[in-house]
Structures are given as C-alpha cells and as structure tokens.
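Report on the following structure.
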Amino acid sequence: NGLVYLVLAAVLIYNYSYWTVQMASSNREAAAIRLLNRAGRDLDATGMSSVARAVDPMPARYYKLADLAGLLYQNHDLKERLADYPAFLGLAERSDFKQLGKDEAFQEAWQGHAPLGELLNSPGAKAILDTPSVAGMVLAMVETNLDDLQTYLKTGKSPKYDSEPILGRWHVNVPASLAVETQSQTNMPLPAFQGLEALWERAYGNTRLVADARGEVFLDNMANIRTAPKRMPTVQMENESGQWTGDGLDYQFTFGGNKTAAGKTDGLRLRFIMAGKTLIFDR
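Using the working numbering, the letters of the sequence shown correspond one by one to residues 41 to 323.
Here it is as structure tokens:
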C-alpha cells in the first residue's frame, strides 16, 4: 500500500509540476508553486519520475505542450522566430493579436519573466484566453504542428512547410518593380522618370504580402494610384485579404470584391500581377 501511495503521489506531482517547473520564473512565484516545483525536481533526482511516467494517464502531447511553453517562456529571443512560423503568419494579421502586441502590461511581464499568473492576467492575454473560440483555434494550431514547431524553434527549419515557397512575408522591391513598369519606355526623360520613381516609392514602399499555411493571403498598403490631366497623382492605400492556391511555382490569389491576382515565385522573389500592374516582391 505504501508503494501504491508513493506512485500515486508521484503521478500527481509529475502532472501538476511539469508545467510549473518548465515555466518557473523566480521566487516571485506563489509559495505553493515553488513547493510544487521543488517536489517535481526532487522526483526527477530520485528517479521516481520514470515510475510516475509509466503509470501516468496524461497524453504525451501534454508534456510536449509544456516543453514548448517552457522553451518560449525561458527564451524570449525566439519571439520573432515564432511569429514567422508559417502556420502562425495569419495570426499576426488578426486585430486581437495586434492588440496583444501593443499591450504594455503583457510585454513588460513577458520581458521580465513575470510569474505565470501575472502574465496571463494582462488585459491583452485575458481578452484572447477568455474567448473560447480563439483560444481553441490557437491550441488546435499548436497541437497540429507540435513536433514541427519544436524543430523549427530550435533549428529555424520547418520540415513540414519549407517545401512551399509562397509562405512568408513579402515586401515590394520598388526599383525592381519600376524597372518592369518602364522597360518599354526607353526614351523616358530623366525628370519624368524621377517623378515616377518618387510616386512609386510613396505608393509601394510599404506594400507587403503575407501568405500563411492555411491558404490565407493578406495584402497590406496596396496603392490605388489615381491620375488626372494637369493634376498631381493621388495615392489611396487599401488592405486586402483572401485566399491563395498554387503548385509551387505559379499561384492564384482571390480577394474580396471579386479581385484576383496571379503570381510566380522561385522562393526568393515573387512576380505579382494585379489589375494589369506588375509588382516584384522580395522576402
């Protein structure tokens, strides 16, 4: 009976200390959390964690999720890499996640290795965690990509997504795009070219395209240039979102309002044609 009690206690300690040990920050944690962490470490030191694991009813993904959470929590320099993971690219385009990035309380708690409770109680985090549909979506995305995500965070390589060249963030290369635009106008006067160059820099200097692993595409700061006789051109910025499909070389994009575009990429440069306008994007 004593052995059964010991194993049962070990399972409970292992289950409930694994997350807190992985994400332990400092002695600012509550006393109960620090005590649980100590018990969990002692369990490992005595070898009883292997006994606990043998009869542990928790699924393997529980511990993988804890490892992932601990890796991110203890290594803040992985934040940018995480944001670039192909499956998560679309999340950064959501307004609620953009707000989390602006939440000073969350950022300060994260950078300061604050206790987990303080981190999760920040307004931005609570807004997401208190919305079951959003929290469930994020958890499902993590679980679907768990092994690949671990590999990506540690190596910068994604065995699951690296073969799809369209995925990622793209930015307009204004000089290259302008070269395509003017290639048939070999006799353009220099002042006219300089004026067009300034217009395109203003219009497309901040244009970017984001293609994520779920087939979503986001086109930000896409310029609508309007010209009229004897008037300066006007530039109106528009944001578009839609879907992409493709075969690894040629791609089609559909946006709201029946807008479509076509693209071709080698993985380093994207030739994008929309409404008769050709833009060259680089990573």
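A virtual CB, placed ideally from N, CA and C, is assigned to each residue, including glycine.
- Taking the Cα positions, Glu237 is about 7 angstroms away from Leu218.
- The alpha-carbon separation between Phe312 and Thr184 amounts to approximately 31 angstroms.
- Distance check between Ala263 and each of Asp188, Val257 and Gly245 places Gly245 closest, using alpha-carbon atoms only.
- Secondary-structure assignment with DSSP links Asp322 through a beta bridge to His211 and Arg309.
- Between the stretch 187-202 and the stretch 286-301, the count of C-beta pairs closer than 8 angstroms stays below three; the two stretches do not touch.
- Ranked by Cα distance from Ser281, the options Arg266, Asp260 and Arg271 are led by Asp260.
- One Cα belongs to Leu249, the other to Leu239, and the distance between them is close to 20 angstroms.
- The stretch 210-229 makes no contact with the stretch 268-282: fewer than 3 CB pairs, one atom from each, lie closer than 8 angstroms.
- DSSP, read as helix, strand or coil, puts Gln283 in strand.
- DSSP, reduced to helix, strand and coil, places Ala219 within a helical segment of the structure shown.
- The secondary-structure analysis by DSSP pairs Glu256 across a beta bridge with Gln283.
- Residue state for Glu148 is assigned as helix, using DSSP reduced to three classes.
- Ala251 sits close to Ile206, with the two beta carbons spaced by under 8 angstroms.
- Burial of Pro126 is indicated by the presence of at least 16 other C-beta atoms within 10 angstroms of its C-beta.
- With respect to the C-alpha of Gln190, the residue from Glu133, Leu122, Thr318 and Gln276 having the closest C-alpha is Leu122.
- In the three-state scheme derived from DSSP, where H, G and I count as helix and E and B as strand, Asn261 is classed as strand.
- In the structure shown, the three-state DSSP call for Asp187 is helix.
- Nearest neighbour of His211 by Cα position, chosen from Leu105, Asn161, Val178 and Leu308, turns out to be Leu308.
- Each residue's CA atom was taken as its position, placing Asp107 and Ala268 some 60 angstroms apart.
- For Glu148, the closest C-alpha among the options Gln223, Pro163 and Phe128 is that of Pro163.
- Here Trp284 is not near Gly316, since their CB atoms are 8 angstroms or more apart.
- In the three-state reduction of the DSSP assignment, Gln292 falls in the strand class, which pools E and B.
- Its chain contains Ala127 as the residues whose beta carbon lies nearer than 6 angstroms to that of Met181, once the 5 sequence neighbours on both sides are disregarded; these appear in chain order.
- The DSSP-derived three-state label of Leu129 is coil.
- Met277 has Ala263 as its beta-bridge partners, per DSSP.
- Beta bridge pairing from DSSP links Ala251 with Gly208 and Val257.
- The shortest CA-to-CA distance from Glu133 to any of Thr222, Arg209, Gly288 and Arg323 is the one to Arg209.
- The continuous alpha helix (DSSP H) containing Ala123 extends over residues Lys119 to Ala123.
- Bridge pairing for Ala301: Phe293 and Met314 [DSSP].
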